[in-house]
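A.B. asks: I have a structure here, written as structure tokens, and I will follow up with some questions on it.
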């Protein structure tokens, strides 16, 4: 596992350095507090997966210019802004192993700096001549917000369906990653089929990425992920492992197990370590973990298949490795 | 006073009805909770001054189409989104006489529906062919956020300068109103000098509007404004009446009065009705109220002067009346 991660990191080392520089340069001219707060979350070991995708997708289509780094920051800023607003919404306390913004500063700061980063993305996008980029940003913003609102409405909803879950993660995660990939193709003036293929790659990667993330909430420990395990459950956020296990238990008329799971879900912050262990056992029993992993694998396969039309290249290899890594990562 | 308000309202009755319809139509297709929450704040007696300005500025430049109503909603949505985020930041409890969103629903809802409205403005702007409109939106978003951040940083700052105050209200209020007016001219394909004149009108109107608003916090009663008087003071938000009075008292070495004012400011939520009355007396003594009114009047005069280049018309009269009304309004 660590091997694949190291392989990817050394393959994209220069790109990551350039992205880091662009992220910093595009924030630097602003008031002290903005830079300080934004840096707290921006430069605390994030994976830069979104801007990296833009850069790789531009290169796989033959792009050799420098614009891709600047434009790629848009997707990291949008992601960060969304984290800042979501952490507030979720009342999370840790993010990437560090206290979240609104715990260190306050709600106001989290809201306003998030707004500022969104405004920044628009200004950066305007420096680029294509209207399609603004369209992509508008679509992402509307979609992410709708995804978060769906998630909020559905909190604690004990009969959330797989379909509702898929719709939510599509809106809150996959559309952004699709946009990051599509934009790379756009910067390279790629053909329409190429742009569509990379958009598909991004969409399926995003779906896999979120499913894997939701899985980690049950399978990781906080040392690795920087988050308390079971955080989703404590917030009343039902994800695929739970949805599937509940559905299977209901189908088999295992009423005691259904009730046990539902009771734990309703406890929210009152969930103990023992509750969580028992709940996890039921997820295993009813195949929730296994099913989610399989669904994520299918998405990874579809992501890789979307790359078929591209000839072999350094970038194609990295994009394939990134898709595989989705399921291997521990954080 | 009421006479001028009635005169304006009857002069723009049809425009206001069309704007109301456009505001409603552009939100209607979205999920139930979005519409419900957005309606709570959108349709609770707001003055629609921003979209009205877009429509009037389009018409004064000869525009006769229908696009102005749709585009004008952008500025009401941006304003509403900013109110939702600001109320959260300010920890306000009343807005337009009704409980604020985050008191009725919760922080999450205020943040997300605000984000959604901002996303909506982008999508509406994209339906229009001019890139300048996106530029205006980007400028407004960045500016409003910076204004709010400045305000947040400066909370409780006892030696805030008039210059810092002017910079803040420019960013948080005047740039938006300027954008609303400039956009009207753009829709009408106005000449560059016409567009600039209307942008200037909007800028000065916005400055006057915010000064008058800050004045009302000391001179109105809550029955009229739907806000508790002294709210700014309780939040540690120093506005022009206070800044000027403090400056004058310091210049005259009236150390006891300076200390009395500073002590009250530091009390924040602990300010009693008697404290507030005594504080208000000191504002009068040192000319803070009078000075702010005079500064606002100057802005109104500059706003009206910017209209000089336009021949007499129904719209010109209304725009002039709106400027005058800034200083007469009680809410």
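Protein chains in written order, with this note's numbering: chain A, 19 to 349; chain B, 19 to 349.
For every residue, glycine included, the Cβ atom is placed at its ideal position computed from N, Cα and C.
#1: Beta carbon of residue 162(A), beta carbon of residue 194(A): below 8 Å?
#2: With a Cβ-Cβ cutoff of 8 Å, do residue 135(A) and residue 56(A) count as a contact?
#3: Can you give me the Cβ contacts of residue 279(B) inside the same chain, cut-off strictly under 8 Å, excluding the 5 residues immediately before and after it?
#4: Could you check what DSSP says for residue 220(A) in three-state terms: helix, strand or coil?
#5: I need the straight-line Cα distance from residue 2(B) to residue 208(A), nearest angstrom please.
#6: Taking CB distances under 8 Å as the criterion, tell me whether residue 179(B) reaches chain A.
#7: Counting only Cβ pairs nearer than 8 Å, list the residues of chain B close to residue 130(A).
#8: Do you know how far the Cα of residue 204(A) is from the Cα of residue 338(A)?
#9: Would you mind reading off the limits of the alpha helix (DSSP H) that contains residue 343(A)?
#10: Are the segment 125 to 142 of chain A and the segment 149 to 162 of chain B touching by the rule of at least three beta carbon pairs closer than 8 Å?
#11: Considering just the uninterrupted stretch of the alpha helix (DSSP H) at residue 146(A), what are its terminal residues?
#12: For the putative contact between residue 258(B) and residue 180(B), defined by C-beta atoms under 8 Å, what is the C-beta separation to the nearest angstrom?
#13: According to DSSP, is residue 259(B) helix, strand or coil?
#14: Who are the near neighbours of residue 317(A) in its chain, counting only those whose CB is closer than 6 Å to its CB and skipping five residues on each side?
#15: Identify the contact partners of residue 160(B) in chain A, using a Cβ-Cβ distance below 8 Å as the criterion.
#16: At 3 residues or longer, what runs of the beta strand (DSSP E) sit wholly inside the segment 136 to 190 of chain B?
#17: Assuming residue 178(B) and residue 256(B) are in contact, meaning their beta carbons sit under 8 Å apart, how far apart are those beta carbons, in whole angstroms?
#18: What three-state label does DSSP hand residue 37(A) in the structure shown?
#19: I'd like to confirm something about residue 93(B): is its beta-carbon nearer than 7 Å to some heavy atom of the ligand GDP, or not?
#20: To the nearest angstrom, how far is it from the Cα of residue 345(B) to the Cα of residue 192(B)?
#21: Counting only beta-carbon separations shorter than 8 Å, does residue 57(A) have a partner in chain B?
#22: Residue 85(A) to residue 214(A), Cα distance in whole Å?
#23: What residues in the segment 271 to 286 of chain A bring their beta carbon closer than 8 Å to a beta carbon of chain B?
#24: Taking CB distances under 8 Å as the criterion, tell me whether residue 26(B) reaches chain A.
#25: Identify whether residue 126(A) lies in helix, strand or coil by the three-state DSSP scheme.
#26: So, residue 104(A) versus residue 166(A), is the Cβ gap smaller than 8 Å?
#27: Please state whether DSSP places residue 227(B) in a helix, a strand or coil.
#28: Closest Cβ-Cβ distance between residue 144(A) and chain B: below 8 Å?
#29: Between which two residues does the alpha helix (DSSP H) harbouring residue 324(B) extend?
#30: How about residue 155(B): is its C-beta nearer than 8 Å to some C-beta of chain A?
#31: Using a cut-off of 9 Å between C-beta atoms, extract the partners of residue 152(A) located in chain B.
#32: Nearest to residue 319(B) by alpha carbon, out of 341(B), 310(B), 282(B)?
#33: Using the Cβ count rule (16 or more neighbours within 10 Å means buried), how would you classify residue 286(B)?
C.D. replies: Looking at the atomic coordinates:
#1: Closer than 8 Å, so yes.
#2: A contact, by the Cβ cut-off of 8 Å.
#3: Taken in chain order, the residues that qualify are 260, 263, 264, 267, 297, 300.
#4: Three-state result, residue 220(A): helix.
#5: With chain B covering 19 to 349 only, the question about residue 2(B) has no answer from this structure.
#6: With 8 Å as the cut-off, residue 179(B) does not count as an interface residue toward chain A.
#7: Using a Cβ-Cβ cut-off of 8 Å, residue 130(A) is close to 103, 107, 163, 166, 167, 170 of chain B, given in chain order.
#8: Their backbone Cα atoms lie some 20 Å apart in a straight line.
#9: For residue 343(A), the enclosing alpha helix (DSSP H) stretches over residues 332 to 346.
#10: Contact holds between the segment 125 to 142 of chain A and the segment 149 to 162 of chain B, because three or more Cβ pairs, one in each stretch, are under 8 Å apart.
#11: Note, residue 146(A): premise wrong, no alpha helix (DSSP H); not H, not E.
#12: By a beta-carbon distance limit of 8 Å, residue 258(B) contacts residue 180(B). Their separation comes to about 7 Å.
#13: When DSSP states are grouped into helix, strand and coil, residue 259(B) belongs to the helix group.
#14: The residues are 222, 225, 226.
#15: Result: 134, 137, 138, 140, 141.
#16: As far as the segment 136 to 190 of chain B is concerned, it has no whole beta strand (DSSP E) run of at least 3 residues.
#17: 5 Å between Cβ atoms; contact.
#18: Helix at residue 37(A).
#19: Absence of the ligand GDP is noted for the structure shown, with no ligands found whatsoever.
#20: Cα to Cα, residue 345(B) sits roughly 16 Å from residue 192(B).
#21: Contact of residue 57(A) with chain B is not assigned, every C-beta pair being separated by 8 Å or more.
#22: Going by the C-alpha atoms only, they are around 21 Å apart.
#23: Residues passing the 8 Å Cβ filter: none.
#24: The beta carbon of residue 26(B) sits no closer than 8 Å to any beta carbon of chain A.
#25: DSSP places residue 126(A) in helix when its eight states are reduced to three.
#26: Yes; because the gap between Cβ atoms is below 8 Å, this pair is in contact.
#27: It is helical.
#28: Cβ-Cβ to chain B under 8 Å: yes for residue 144(A).
#29: Per DSSP, residue 324(B) belongs to the alpha helix (DSSP H) from 306 to 324.
#30: Chain A places a beta carbon closer than 8 Å to that of residue 155(B), counting this residue as a contact.
#31: Residues of chain B passing the Cβ test: 140, 143, 144, 149, 152.
#32: Looking only at 341(B), 310(B), 282(B), the smallest Cα-Cα distance to residue 319(B) is reached by 341(B).
#33: Classification for residue 286(B): exposed.
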